[in-house]
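Q: Here you go, one structure.
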Amino acid sequence: MIEVLPHMPDGVTGIRVSGRLRGDELREIRPVLEETLKNGEVRIVEVIAPDYEGFGPGGFVEDLKLGLGTVLAHHSAFKRIAVVSDKEWVAHTIHASAWMVPGEIAVFGLGELDRAKAWAAAG
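Just remember that our numbering sits 1 ahead of the position in the sequence shown, which is counted from 1.
This is how it looks when you write it as structure tokens:
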């Protein structure tokens, strides 16, 4: 499941992923990202819930489409991405692939959500 998070600082989009992320859910979130792109700068706080299990049906394919279509086409708009998770594999994956991500990326623990929001909004 993917949902938009309320109570984000101005200019920051918050999302939360949990369970298994399906393709249809990623298609539904695309308009949110496209609306964010209209602001000229993309700042995201992504919370990865403890029950997140990865991709479900069609999730991986839609994630690739979103990454290669929307993100790659507007890569200079991406300023800061704060990933919030207590899963060790998430932190390892982010650190290993950070060089491919446009803008700055940082990992925060679930107890550091307010710090992640402030970091994403700054700079």
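Ideal Cβ positions, reconstructed from N, Cα and C, are used throughout, including at glycine. Note that the coordinates shown come from a computational prediction; the quantities given were computed from them, not determined experimentally.
Work out the CA separation of V108 and A97 for me, nearest whole Å.
A: 12 angstroms
Q: Name the residue from P7, D52 and P58 whose alpha carbon lies nearest to the alpha carbon of R23.
A: P58
Q: Using a 10 Å radius around the Cβ and a threshold of 16 neighbouring Cβ atoms, would you call W100 buried or exposed?
A: exposed
Q: Under three-state DSSP, which class holds A78?
A: helix
Q: What distance in whole Å lies between the Cβ atoms of K88 and E105, which are believed to be in contact at a cut-off of 8 angstroms?
A: The pair is not a contact, with the Cβ atoms about 21 angstroms apart (cut-off 8 angstroms).
Q: Could you check the C-alpha separation between G124 and V43 for me, to the nearest Å?
A: 12 angstroms
Q: Mind reading off the beta-carbon distance from A121 to I45? Whole number of angstroms is fine, and I expect it under 8 angstroms.
A: 7 angstroms
Q: Just verifying my parser: in three-state terms, what is the DSSP assignment at V33?
A: helix
Q: Less than 8 angstroms between the CB atoms is what I'm expecting for V85 and L114, so what's the real figure, rounded?
A: 6 angstroms
Q: Check whether the Cβ atoms of G26 and M9 sit closer than 8 angstroms, and answer yes or no.
A: Note on residue identity: the sequence assigns Glu, not Gly, to residue 26. No; because the gap between Cβ atoms is not below 8 angstroms, this pair is not in contact.
Q: With 8 angstroms set as the bound, which would you pick, yes or no: does the beta-carbon of R17 sit closer than that to a beta-carbon of chain B?
A: Here there is only one protein chain, and chain B is not present.
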